[in-house]
Structure formats: structure tokens, C-alpha cells
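Inspection log for the structure reproduced underneath, given as C-alpha cells.
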Amino acid sequence: MQDKYAREYWRANIRLLMILLSIWFFISYLCGIVLADWLDNIRIGGFKLGFWIAQQGAIYVFIALILVYVKAMDKLDSQYRDHHPSSPEQSPEDSSNDAGDDSEITGGRE
Numbered sequence: 053m054q055d056k057y058a059r060e061y062w063r064a065n066i067r068l069l070m071i072l073l074s075i076w077f078f079i080s081y082l083c084g085i086v087l088a089d090w091l092d093n094i095r096i097g098g099f100k101l102g103f104w105i106a107q108q109g110a111i112y113v114f115i116a117l118i119l120v121y122v123k124a125m126d127k128l129d130s131q132y133r134d135h136h137p138s139s140p141e142q143s144p145e146d147s148s149n150d151a152g153d154d155s156e157i158t159g160g161r162e
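Residue numbers for the sequence shown follow this note's numbering, so the first one is 53 and each next one is one higher.
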């Protein structure tokens, strides 16, 4: 059963990453390079839109995507944490207070 939740969690994680990376590709590569000449026909604040996206907009979108990823992963983690049973060596009191435990990330190394 635990394996099922792990697969669902990673499937949702990869799906989120693919969506966000697709948005990033569209804005930074397509709008900033490929479609820049077409977008330059639109002016915002006196600047050509294609130029602005290539110089500033792609960076703003990238930062926004990072914030969206953080919020979405917090939601995803809390959703799947509810379904993940506590490990046998961890008491219920410890399981709610393991936010600073990096042993899974570091493989137990300090």
C-alpha cells in the first residue's frame, strides 16, 4: 500500500514539474526568442513586448514559477503525508515533529 502512495506522489510531482517547465520553456524560449519579432509589434510602457520578455519577463515568470512550485509541493506533501503510515521505529509524537529531519535526503550522513 505504501508503494502505491509513493508512485502516486511521484507521478503528481513529475506532472507538476512538466507543467511548470513547459510554461518556462514557452515564456523564455518561444516568447523570448522565437516569437520575439512578432511580439515586438505590441508595446507596453514604450517597450517592445518581445524585448521586454527576453530581458525581464522571463526572469519574473521564472521566479513566479518557483513560488508556485513551493506552494504546490507543500500542498502535495501534506496531502500524501496524511496517507503515509508512520515508520515502525517512529512514535506518533515524533512523526508530527520531523520537519527538520534530513536523514532521507542525506542518506543518514551528517
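All C-beta atoms, glycine included, are put in the ideal place defined by N, C-alpha and C. Everything numeric in this text was worked out from a predicted model, so none of it was measured.
**Report entry** At least three beta-carbon pairs within less than 8 angstroms, the stretch 107 to 120 to the stretch 74 to 86
**Finding:** With the cut-off at 8 angstroms, the stretch 107 to 120 and the stretch 74 to 86 touch.
Query raised in the report: Is the stretch 90 to 108 touching the stretch 54 to 65, taking contact as three or more C-beta pairs under 8 angstroms?
Result: Contact annotation: the stretch 90 to 108 does not touch the stretch 54 to 65, with fewer than three C-beta pairs closer than 8 angstroms.
Query raised in the report: From L72 to Y121, what does the alpha carbon distance come to, in whole angstroms?
Result: L72 and Y121 have their alpha carbons spaced roughly 8 angstroms apart.
Query - Start-to-end residues for the alpha helix (DSSP H) that takes in Q54 - result: Q54 -> alpha helix (DSSP H) spans 54 to 77.
Query raised in the report: CA-CA distance, G98 and L128?
Result: Cα to Cα, G98 sits roughly 41 angstroms from L128.
Query raised in the report: Excluding the five sequence neighbours on either side, which residues of its own chain have a C-beta within less than 6 angstroms of the C-beta of K100, listed in chain order?
Result: For K100, where only same-chain residues beyond five positions count, the Cβ hits under 6 angstroms are D92.
**Report entry** Reduced DSSP category for I105 - H, G, I as helix; E, B as strand; rest coil
**Finding:** Helix, per DSSP.
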